[in-house]
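**Student:** Once you've had a glance at the structure underneath, I'll fire off some questions.
Protein chains: 2
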Amino acid sequence: MKVLIVEDDQFHATYLQEALAEALPEVTEIFHAADGAAGEEEARLGEIEAIVMDLQMKHRNGIEAARTIWAERPQSRILFWSNYADDAYLRGIAQVVPEESAYGYVLKTASRDRLKLALRAVLVEAQIIVDREIHRLQKRGTAPRSRLDDSEFDVLIDLALGLQDKSIAERRGMSLRTVQNRLLSLYDKLGVSSDLDEHLTLNKRVRALNRALATRTINIETLEAAQRDLKTWLAGRR
Amino acid sequence: MKVLIVEDDQFHATYLQEALAEALPEVTEIFHAADGAAGEEEARLGEIEAIVMDLQMKHRNGIEAARTIWAERPQSRILFWSNYADDAYLRGIAQVVPEESAYGYVLKTASRDRLKLALRAVLVEAQIIVDREIHRLQKRGTAPRSRLDDSEFDVLIDLALGLQDKSIAERRGMSLRTVQNRLLSLYDKLGVSSDLDEHLTLNKRVRALNRALATRTINIETLEAAQRDLKTWLAGRR
DNA sequence: AAAACATTTGCGGGAACCCGCAACGGCTTT
DNA sequence: AAAGCCGTTGCGGGTTCCCGCAAATGTTTT
């Protein structure tokens with residue numbers, strides 16, 4: 001079996017390599033790429049369908065790389081290995097993972113045993129496994145009071161890019177007032193006006209973005225990717 | 239000479255330890271702490287004045303730890319060792335570094351030689367040394383078109399927290415209109431309306447925060463720290 | 001099929017925001 | 001001292017935003 005490691009930190013890459021050798025004796029070859037673009041290339045050339053992928057990398061991040069890899073070989077198994085338990089990453093992955101594939105999400109702080117377990121479960125057994133840590137990120141009470149649904153999330157993205165209500169309505173095919181309804185529930189779920197002093201009225205729009213970042217509902221990579229999407233949408237609209 | 243390493247990633251900590259041993263034979267003892275709070279404690283108990291500090295750590299980040307360490311022993315030399323070339327970090331450090339101390343900023347991607355050089359320059363020679371990488375973060379044209387001055391930066395922080403014009407004016411002791419002038423120059427410097435489609439009008443407030451994040455002028459740690467500052471200001475205002 | 005409930009949409013109004021214009025300092029130049 | 005420059009402040013008006021109210025439409029329950 002061939003496995004590809006996509007990871008830009010040298011230490012973590014060698015650690016992974018060792019764990020991989022210990023956990024999966026059936027592995028015959030280990031390839032290594034240091035960023036997303038190189039990872040896509042390696043996977044294509046080597047016809048590799050078992051991949052361990054770091055998420056935050058310089059030029060092209062792990063989710064984007066995964067998207068093109070899965071587009072070419074939907075049955076690829078990918079284990080994401082990340083520093084952070086950001087809900088934003090999980091959401092990004094959920095949007096690109098095809099039906100017939102397997103994936104996993106392990107934190108870099110996980111024990112070696114747990115990593116080895118995940119390696120076997122995803123790469124060999126083609127199971128889906130997600131670190132439980134991610135589901136309880138209640139640190140400092142900074143969790144949204146209830147999970148955003150997809151349409152709310154879309155509006156949040158557009159808000160975060162700086163679009164105004166009218167443009168969001170046009171882009172998402174809703175009426176102006178419906179967009180505003182979504183915003184209201186966003187403000188509620190993100191806890192925009194709950195914390196801090198109650199006599200202090202805030203700019204809800206900005207505060208919503210602030211809270212979304214603080215709760216790790218979105219992160220900077222999300223924003224950068226969303227901006228690229230917006231650009232292609234704008235280009236196709238004329 | 240005693241040196242303290244504050245770093246929560248085990249691999250990076252041992253790598254640092256090796257580099258330290260190679261670069262500085264005069265080092266007699268190496269201490270290690272895995273997060274900011276523990277680092278402050280170690281420095282206090284061990285009376286250590288030569289420190290290598292990671293910036294992004296779970297609970298208490300490197301800048302906050304540095305602030306309390308420097309408050310207790312202003313002559314401490316601290317070498318910051320970070321994954322990212324964010325202007326936000328440098329600005330944060332510049333705000334807490336006392337006159338009589340030395341510090342440095344090295345990226346984790348720097349070569350071992352450069353790291354060793356920085357270790358000697360800061361910890362032994364008490365020089366100030368900053369990785370040049372930070373000053374040219376023009377990647378994808380995402381640099382502010384001109385550097386923000388301190389008062390603009392203050393307003394940016396307040397904007398990012400979600401304060402509205404009136405509250406910013408009160409907090410910073412300016413008139414409403416002056417706050418708005420600052421905002422205008424912020425919008426200009428951050429390139430709020432330049433990119434994307436020119437027929438698309440944006441919500442400037444949110445877009446400003448978006449751009450400030452994209453250009454690494456501020457980051458999530460900045461926001462979290464700023465929010466704590468705001469809370470104490472609110473508490474002291476009644 | 002009727003009733004109960006949820007979601008979408010339009011209308012309207014008060015508040016906040018963006019920003020041009022002009023007056024008023026304070027500071028430097030001549 | 002006069003003139004010129006720059007940051008600050010007030011005023012006013014056009015836009016956008018936030019959101020209550022109520023009608024229309026869609027969905028589930030009985």
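Protein sequences appear in the order of chains A and B.
Numbering-wise (this note's numbering), the first sequence opens with residue 1 and increments by one.
Numbering-wise (this note's numbering), the second sequence opens with residue 239 and increments by one.
All C-beta atoms in this analysis are idealised placements derived from N, C-alpha and C, irrespective of residue type, glycine included.
Using the beta-carbon count (16 or more within 10 Å), is B/Trp319 buried or exposed?
**Tutor:** Taking the second sequence and counting its residues from 1, the one referred to as residue 319 of chain B is at position 81. Buried.
**Student:** Within 10 angstroms of the Cβ of A/Leu45, are there 16 or more other Cβ atoms? Answer buried if so, exposed if not.
**Tutor:** Numbered from 1 along the first sequence, position 45 holds the residue referred to as residue 45 of chain A. Answer is exposed; the Cβ neighbour count stays below 16.
**Student:** Buried or exposed: B/Gln376, going by 16 or more other Cβ atoms within 10 Å of its Cβ?
**Tutor:** Sequence index remark: in the second sequence, residue 376 of chain B carries index 138 (1-based). Interpretation of B/Gln376 is limited by its pLDDT of 45, a score under 50 that renders its predicted location unreliable; the figure taken from the coordinates is listed afterwards. B/Gln376 should be labelled exposed.
**Student:** Go ahead and pull the three-state DSSP assignment for A/Ser82.
**Tutor:** The sequence position of residue 82 of chain A within the first sequence is 82, counting from 1. Correct three-state label for A/Ser82: strand.
**Student:** Cutting at 8 angstroms between CB atoms, please list the residues of its own chain near B/Trp308, excluding the five before and the five after it.
**Tutor:** Sequence index remark: in the second sequence, residue 308 of chain B carries index 70 (1-based). Only Ser314, Ile316, Val334, Val335, Pro336 and Ser339 meet the Cβ criterion.
**Student:** Return the chain-ordered list of same chain residues with a C-beta closer than 6 angstroms to the C-beta of A/Gly141, the five sequence neighbours on each side being excluded.
**Tutor:** For the purposes of this step, residue 141 of chain A is taken as the residue at position 141 of the first sequence. Unreliable positioning characterises A/Gly141 in this predicted model, as indicated by a pLDDT of 48, which lies under 50. The coordinate reading is nonetheless provided below. If we look at A/Gly141 and ignore the five residues flanking it on each side, it has no Cβ neighbours.
**Student:** Residues in its own chain within less than 6 angstroms of B/Asp369 by CB, not counting five upstream and five downstream?
**Tutor:** In the second sequence, residue 369 of chain B corresponds to position 131, counting from 1. Within the same chain, B/Asp369 has close Cβ partners Tyr343, Val344 and Leu345.
**Student:** With 9 angstroms as the limit, tell me which residues of the segment 449–462 of chain B have their beta carbon closer than that to any beta carbon of chain A; keep them in chain order.
**Tutor:** Arg449, Leu451, Ala452, Arg454, Asn457, Ile458, Leu461 and Glu462
**Student:** For the beta strand (DSSP E) holding A/Asp54, just list the boundary residues, first then last.
**Tutor:** Start at 1 with the first residue of the first sequence, and residue 54 of chain A comes out as number 54. From DSSP, the beta strand (DSSP E) with A/Asp54 extends over Ala50 to Asp54.
**Student:** In this structure, how does DSSP classify A/His12 when only helix, strand and coil are distinguished?
**Tutor:** Against the first sequence, residue 12 of chain A aligns to sequence position 12. Note: A/His12 maps to helix in three-state DSSP.
**Student:** Helix, strand or coil for B/Gly274? Go by DSSP, reduced to three states.
**Tutor:** Start at 1 with the first residue of the second sequence, and residue 274 of chain B comes out as number 36. If DSSP states are grouped into helix, strand and coil, B/Gly274 belongs with the helices.
**Student:** Is any non-hydrogen atom of the ligand GTP found closer than 8 angstroms to the C-beta of B/Gly330, if you look at the structure I gave you?
**Tutor:** What this structure holds is no ligand at all, so the ligand GTP is not there to describe.
**Student:** Give a yes or no on whether the C-beta atoms belonging to A/Leu115 and A/Ala19 are separated by under 9 angstroms.
**Tutor:** In the first sequence, counting from the first residue as 1, residue 115 of chain A sits at position 115. In the first sequence, counting from the first residue as 1, residue 19 of chain A sits at position 19. In this structure, A/Leu115 lies near A/Ala19, with their beta-carbon atoms less than 9 angstroms apart.
**Student:** Please compile the residues from chain A whose C-beta is within a distance smaller than 7 angstroms of the C-beta of B/Tyr253.
**Tutor:** Along the second sequence, one-based indexing puts residue 253 of chain B at 15. Neighbours of B/Tyr253 on chain A, chain order: Phe11.
**Student:** For the segment 380–406 of chain B, list every residue whose C-beta sits within 8 angstroms of some C-beta in chain A, in sequence order.
**Tutor:** Leu397, Ala398, Leu399, Gly400, Leu401, Gln402 and Ser405
**Student:** Taking B/Ala407 and B/Ala450 to be in contact with their CB atoms under 8 angstroms, please state how far apart those CB atoms are, rounded to whole angstroms.
**Tutor:** What you label residue 407 of chain B is simply residue 169 of the second sequence in a count that begins at 1. What you label residue 450 of chain B is simply residue 212 of the second sequence in a count that begins at 1. Not quite, the Cβ-Cβ distance comes to about 20 angstroms (not below 8 angstroms), so this is no contact.
**Student:** Reducing DSSP to helix, strand and coil, say where A/Arg77 ends up.
**Tutor:** Residue 77 of chain A sits at position 77 when you count from the first residue of the first sequence. Strand at A/Arg77.
**Student:** Sorted by chain position, which residues of the same chain lie with C-beta nearer than 7 angstroms to A/Asn61's C-beta, five sequence neighbours on each side aside?
**Tutor:** Indexing the first sequence from 1 puts residue 61 of chain A at position 61. Closer than 7 angstroms at the Cβ level, and outside the excluded window around A/Asn61, lie Gly36, Leu55 and Glu221.
**Student:** Measuring straight from C-alpha to C-alpha, what distance separates B/Ser349 and B/Arg358?
**Tutor:** Numbered from 1 along the second sequence, position 111 holds the residue referred to as residue 349 of chain B. Numbered from 1 along the second sequence, position 120 holds the residue referred to as residue 358 of chain B. Answer to the nearest angstrom: the Cα atoms are 14 angstroms apart.
**Student:** Alpha carbon to alpha carbon, what distance is there between B/Lys442 and A/Asp165?
**Tutor:** Walking along the first sequence from the start, residue 165 of chain A turns up at place 165. Walking along the second sequence from the start, residue 442 of chain B turns up at place 204. Answer to the nearest angstrom: the Cα atoms are 13 angstroms apart.
**Student:** Taking 7 angstroms as the limit between beta carbons, can you name the residues of its chain near B/Ala473, skipping five residues before and five after?
**Tutor:** For the purposes of this step, residue 473 of chain B is taken as residue 235 along the second sequence, with counting starting at 1. So no residue of the chain qualifies.
**Student:** Can you tell me whether DSSP reads A/Leu24 as helix, strand or coil?
**Tutor:** For the purposes of this step, residue 24 of chain A is taken as residue 24 along the first sequence, with counting starting at 1. Residue state, collapsed to three classes: coil.
**Student:** If contact means a Cβ-Cβ distance below 7 angstroms, which residues of the segment 413–432 of chain B contact chain A?
**Tutor:** none
**Student:** By alpha-carbon positions, which one of B/Asp396, B/Val430 and B/His437 ends up nearest to B/Lys452?
**Tutor:** Position 214 of the second sequence, counted from the start, is the residue given in the question as residue 452 of chain B. In the sequence as displayed, the identity of residue 452 of chain B is Ala instead of Lys. Ranking the options by Cα distance to B/Ala452, first place goes to B/Val430.
**Student:** Among B/Arg409, B/Gly330 and B/Leu242, which one has its Cα closest to the Cα of B/Thr470?
**Tutor:** Against the second sequence, residue 470 of chain B aligns to sequence position 232. Nearest neighbour of B/Thr470 by Cα position, chosen from B/Arg409, B/Gly330 and B/Leu242, turns out to be B/Arg409.
**Student:** Can you grab the Cα-Cα spacing for the pair A/Asp150 / B/Ala261, in whole Å?
**Tutor:** Position 150 of the first sequence, counted from the start, is the residue given in the question as residue 150 of chain A. Position 23 of the second sequence, counted from the start, is the residue given in the question as residue 261 of chain B. A/Asp150 and B/Ala261: Cα-Cα distance of roughly 53 angstroms.
**Student:** For B/Val344, which residues in chain A fall below 9 angstroms Cβ to Cβ?
**Tutor:** Here residue 344 of chain B corresponds to residue number 106 of the second sequence, with the count starting at 1. What B/Val344 touches in chain A: nothing, since even the nearest Cβ is about 15 angstroms away.
**Student:** Kindly indicate which residue of B/Ile289, B/Ile366, B/Thr455 and B/Asp351 has the alpha-carbon position closest to the one of B/Asp392.
**Tutor:** In the second sequence, the residue the question calls residue 392 of chain B occupies position 154. Looking at the Cα atoms, B/Thr455 is the closest of the given residues.
**Student:** Does A/Gly62 get closer than 9 angstroms to chain B when you measure Cβ to Cβ?
**Tutor:** Within the first sequence, numbered from 1, the residue matching residue 62 of chain A stands at position 62. It does not: the Cβ of A/Gly62 has no partner Cβ on chain B nearer than 9 angstroms.
**Student:** Excluding sequence positions up to five away, which residues of its chain have a Cβ less than 6 angstroms from the Cβ of B/Pro312?
**Tutor:** Taking the second sequence and counting its residues from 1, one reaches residue 312 of chain B at position 74. Once the five neighbours on either side are set aside, the close Cβ partners of B/Pro312 are Pro336, Glu338 and Ser339.
**Student:** Which word fits A/Ile128, buried or exposed, when buried means at least 16 other C-beta atoms lie within 10 angstroms of its C-beta?
**Tutor:** The residue labelled residue 128 of chain A in the question sits at position 128 within the first sequence. Classification of A/Ile128: exposed, given that the 10 Å Cβ count is below 16.
**Student:** For B/Ile243, write down the residues that DSSP places opposite it in a beta bridge.
**Tutor:** As a position in the second sequence, residue 243 of chain B is number 5, starting the count at 1. B/His270 and B/Val290, per the DSSP bridge assignment.
**Student:** What's the call for B/Lys427, buried or exposed, on a 16-neighbour Cβ count within 10 Å?
**Tutor:** In the second sequence, counting from the first residue as 1, residue 427 of chain B sits at position 189. Buried: at least 16 other Cβ atoms inside 10 Å.
**Student:** Would you report the Cα separation of B/Phe249 and B/Leu355, rounded to the nearest angstrom?
**Tutor:** Taking the second sequence and counting its residues from 1, one reaches residue 249 of chain B at position 11. Taking the second sequence and counting its residues from 1, one reaches residue 355 of chain B at position 117. Roughly 20 angstroms between the two C-alpha positions.
**Student:** Check for me: the alpha helix (DSSP H) holding A/Val179 runs from which residue to which?
**Tutor:** Taking the first sequence and counting its residues from 1, the one referred to as residue 179 of chain A is at position 179. Segment Leu176 to Lys189, the alpha helix (DSSP H) holding A/Val179.
**Student:** From B/Ile372 to A/Glu26, what does the alpha carbon distance come to, in whole angstroms?
**Tutor:** Counting from one through the second sequence, the residue named residue 372 of chain B turns up at place 134. Counting from one through the first sequence, the residue named residue 26 of chain A turns up at place 26. Distance between the alpha carbons of B/Ile372 and A/Glu26 is about 44 angstroms.
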